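*Asks:* For the sequence shown, counting from 1, position 344 maps to 344 in my numbering; every step adds exactly one. Even for Gly, the Cβ is constructed at its ideal location relative to N, Cα and C. Computed from a predicted structure; not experimentally measured.
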Amino acid sequence: MSSAFQFGDEKGIDMRRTSRWLVVLGTAIVFSQALVAESWQATVGAQSTDKGVQVLAFLPNEIWIHTGDSITWTFDSDEAHSVTFLKTGQARPTFAAGCPGTTPMSPTPEVNSSTCVNSGLITTPGMTYTVVFTSPGNYTLLCLLHVNQTGIIHVMDPLVPLPHDQDFYDRQASLEQRDLLYDRDGGLPKKFKEDSPHSDGENRHAHNHLVVTGAGEIVATPGGAQSVSLMRFMQHSVTIHAGETVEWDSSDVSGHSVTFGDDTGITPLTPRSSNVVADSDGALHAVVSSTSDNVHSGRIAPAPQERTNLASVPGVTRFRVTFPIPGTYPYKCAFHDGLGMVGEVIVLP
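#1: Short of 6 Å in beta carbon distance, which residues of its chain neighbour serine 70, apart from the five on each side in sequence? Order them along the chain.
#2: Give me, in chain order, the residues of the same chain whose beta-carbon lies closer than 6 Å to that of glutamine 41; leave out the 5 immediate sequence neighbours on both sides.
#3: On the DSSP bridge list, what partners appear for glutamate 217?
#4: Quick check on the DSSP output: what are the complete alpha helix (DSSP H) runs of length 4 or more inside the region 59 to 120, in order along the chain?
#5: If you draw a straight line from the C-alpha of threonine 27 to the C-alpha of alanine 37, how long is it?
#6: Taking the continuous alpha helix (DSSP H) assigned at phenylalanine 335, which residues delimit it?
#7: If we ignore side chains and look at the alpha-carbon of each, how far apart do aspartate 262 and histidine 336 end up?
#8: Do you know offhand how far histidine 81's Cα is from proline 349's?
#9: For phenylalanine 260 and tyrosine 331, what's the separation of their Cα atoms in angstroms?
#10: Does DSSP put histidine 256 in a helix, in a strand, or in coil?
#11: Less than 8 Å between the beta carbons of asparagine 118 and glutamine 226, yes or no?
#12: Output the residue ranges of the beta strand (DSSP E) runs that lie fully inside the region 297 to 326 and measure 3 residues or longer, sorted by chain position.
#13: Using the DSSP secondary-structure output, state which residues sit across from glutamine 47 in a beta bridge.
#14: Use the C-beta contact count for alanine 334: other C-beta atoms within 10 angstroms, 16 or more gives buried, fewer gives exposed.
#15: On a Cα-Cα basis, can you pick out the residue from Ile63, Ser48, Gln54 that is closest to threonine 221?
#16: Count the other CB atoms, across all protein chains shown, that sit within 10 Å of the CB of isoleucine 346; report buried if there are 16 or more and exposed otherwise.
#17: Contact between the region 260 to 279 and the region 235 to 248: three or more CB pairs below 8 Å?
#18: Under the three-state reduction of DSSP, which class applies to serine 32: helix, strand or coil?
#19: Locate the beta strand (DSSP E) running through alanine 286, then write down its first and last residues.
#20: If I follow the unbroken beta strand (DSSP E) through aspartate 249, where does it start and stop?
#21: Beta-carbon within less than 7 Å of histidine 164's beta-carbon, same chain only, minus the 5 sequence neighbours each way: which residues are those?
#22: Excluding the 5 residues preceding and the 5 following proline 326 in the sequence, name in chain order all residues of the same chain whose CB lies nearer than 7 Å to its CB.
#23: Roughly how many whole angstroms lie between the Cα atoms of threonine 308 and alanine 91?
#24: So if DSSP puts proline 330 in a beta bridge, which residue, or which two residues, is it bridged to?
#25: For serine 114, count neighbouring C-beta atoms within 10 Å of its own C-beta (all shown protein chains included) and say buried if the count is 16 or more, exposed if not.
#26: By Cβ distance, which residues of its chain are closer than 8 Å to serine 229, with the 5 residues on each side in sequence left out?
#27: What span of residues does the alpha helix (DSSP H) with leucine 141 cover, start to end?
#28: I believe valine 288 touches tyrosine 329 by the beta-carbon criterion, under 8 Å. Please report the beta-carbon distance rounded to the nearest angstrom.
#29: Identify whether alanine 37 lies in helix, strand or coil by the three-state DSSP scheme.
Structure follows, in structure tokens:
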């Protein structure tokens with residue numbers, strides 16, 4: 001009886017020891033899995049086949065990852081974008097300034113609250129940019145060229161379970177891209193039609209002097225802002241008589257220009273040319289008398305949304321050009337002509 005009791009007692013001790021080791025081993029496996037850095041994938045931008053519709057968004061624009069993980073963004077449009085993370089409290093720089101003193105691509109940038117990380121402007125579809133997140137926190141994601149293109153990256157402790165996997169983010173990116181690119185609510189075509197010259201003949205002559213310059217919409221998500229732009233001049237060919245004036249009106253969330261002649265070196269930061277003046281209603285005005293004239297409107301776009309403690313300054317959304325001499329005058333948006341945003345004014349005697 002005594003020996004049987006001792007045997008059972010030893011067996012129980014062995015089982016308890018085995019159980020403890022299994023628990024320790026299981027915990028070690030879970031812990032080691034949590035410490036394995038993952039590489040996540042996301043997309044920047046999207047475009048229609050003719051490049052006229054541009055999705056200005058991070059897809060998706062909200063991601064949860066662990067400390068030590070990396071995210072690789074693939075750029076998917078001919079429109080320029082940046083992937084940018086600013087230091088805590090840092091004012092937003094221009095796209096030209098970016099993060100001074102840093103090299104965008106090498107070595108692999110590390111994001112934390114004390115670093116400014118910026119890819120620079122990328123215009124090559126298929127190009128990628130990878131960053132590593134070294135500290136827990138919530139990091140705002142910006143495109144320095146498009147103010148209505150933001151996101152957020154939640155970086156969690158490695159032992160905290162993540163709410164979503166890569167498949168979820170792939171599906172989310174696909175849905176967001178489709179909704180923006182194909183404009184399911186029909187907002188862009190409707191806006192383009194509302195802002196365009198009437199087709200019923202009423203005041204046709206006067207309205208034919210108006211060119212709608214792009215159209216756009218902003219979409220809010222829990223992760224930030226996304227936008228979509230139709231980068232085209234409505235009525236890309238306009239016919240008028242000598243001495244008459246054409247007006248370009250911007251209805252887009254993105255900035256555009258109306259540029260005649262040489263556009264070498266022009267960027268969205270380039271001011272209007274010296275031969276452009278302001279009318280009494282704030283619209284800009286120039287005279288083009290020859291196809292060799294160089295006239296640049298500067299960036300025309302709606303003003304930024306009103307914000308506390310910032311001065312209210314109206315945006316320049318209208319540009320007028322008077323044509324005193326007959327001829328055919330080609331022009332372009334100097335920022336988006338590579339996407340097909342070009343037009344012409346035919347001036348008859």
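*Replies:* On the basis of the coordinates in this document:
#1: Working through the sequence shown from its first residue, we reach residue 70 at position 70. The answer, listed in chain order, is Ser39, Thr130, Val132.
#2: Translated into the one-based positions of the sequence shown, residue 41 becomes position 41. Thr72, listed in sequence order.
#3: By one-based count along the sequence shown, residue 217 stands at place 217. In DSSP, glutamate 217 forms a bridge with Val228.
#4: none
#5: As a first step, residue 27 must be located in the sequence shown, where it is residue number 27. As a first step, residue 37 must be located in the sequence shown, where it is residue number 37. Confidence is the limiting factor: at threonine 27 the pLDDT is only 46, short of 50, which leaves the residue's position unreliable and the question unanswerable from this model.
#6: Here residue 335 corresponds to residue number 335 of the sequence shown, with the count starting at 1. Phenylalanine 335 -> no alpha helix (DSSP H), and no H or E assigned at all.
#7: Taking the first residue of the sequence shown as position 1, residue 262 is located at position 262. Taking the first residue of the sequence shown as position 1, residue 336 is located at position 336. Approximately 15 Å, taken between the alpha carbons.
#8: For this step, residue 81 is matched to residue 81 along the sequence shown. For this step, residue 349 is matched to residue 349 along the sequence shown. Whole-angstrom Cα-Cα distance: 44 Å.
#9: Translated into positions along the sequence shown, residue 260 becomes position 260. Translated into positions along the sequence shown, residue 331 becomes position 331. Rounded to the nearest angstrom, the two C-alpha atoms are 5 Å apart.
#10: Translated into positions along the sequence shown, residue 256 becomes position 256. Strand.
#11: Your numbering for residue 118 matches position 118 in the sequence shown. Your numbering for residue 226 matches position 226 in the sequence shown. Not a contact, by the Cβ cut-off of 8 Å.
#12: 318 to 323
#13: Position 47 of the sequence shown, counted from the first residue, corresponds to residue 47. DSSP lists Gln54 as partners of glutamine 47.
#14: The residue given as residue 334 occupies position 334 in the sequence shown. Looking at its Cβ environment, which holds 16 or more other Cβ atoms inside 10 Å, alanine 334 is buried.
#15: Position 221 of the sequence shown, counted from the first residue, corresponds to residue 221. Comparing Cα-Cα distances from threonine 221 to each of Ile63, Ser48, Gln54, the minimum goes to Ile63.
#16: What you label residue 346 is simply residue 346 of the sequence shown in a count that begins at 1. Exposed, because fewer than 16 other Cβ atoms sit within 10 Å of the Cβ of isoleucine 346.
#17: no
#18: Within the sequence shown, the letter at position 32 stands for residue 32. With a pLDDT of 46 at serine 32, under the threshold of 50, the modelled position of that residue is not reliable, and the figure given next carries that caveat. DSSP places serine 32 in helix when its eight states are reduced to three.
#19: Here residue 286 corresponds to residue number 286 of the sequence shown, with the count starting at 1. Where alanine 286 is concerned, the enclosing beta strand (DSSP E) stretches over 284 to 287.
#20: What you label residue 249 is simply residue 249 of the sequence shown in a count that begins at 1. Note, aspartate 249: beta strand (DSSP E), 244 to 251.
#21: As a position in the sequence shown, residue 164 is number 164, starting the count at 1. For histidine 164, where only same-chain residues beyond five positions count, the Cβ hits under 7 Å are Trp64.
#22: In the sequence shown, counting from the first residue as 1, residue 326 sits at position 326. Excluding positions up to five away in sequence, the list reads Ala242, Val347, Leu348, Pro349.
#23: Translated into the one-based positions of the sequence shown, residue 308 becomes position 308. Translated into the one-based positions of the sequence shown, residue 91 becomes position 91. If I take the Cα positions, the gap works out to 15 Å.
#24: Position 330 of the sequence shown, counted from the start, is the residue given in the question as residue 330. Proline 330 pairs with Glu344.
#25: Within the sequence shown, numbered from 1, the residue matching residue 114 stands at position 114. It counts as exposed.
#26: Here residue 229 refers to the residue found at position 229 of the sequence shown. Within the same chain, serine 229 has close Cβ partners Val53, Gln54, Leu56, Gly214, Ala215, Gly216, Asp252, Val253, Ser254.
#27: Locating residue 141 in the sequence shown gives position 141, counting from the first residue. That residue, leucine 141, is in no alpha helix (DSSP H); its beta strand (DSSP E) goes 137 to 142.
#28: If you number the sequence shown from 1, residue 288 lands on position 288. If you number the sequence shown from 1, residue 329 lands on position 329. Indeed they touch by this definition, with Cβ atoms about 6 Å apart.
#29: Locating residue 37 in the sequence shown gives position 37, where the first residue counts as 1. Of the three classes helix, strand and coil, the one that applies to alanine 37 here is coil, per DSSP.
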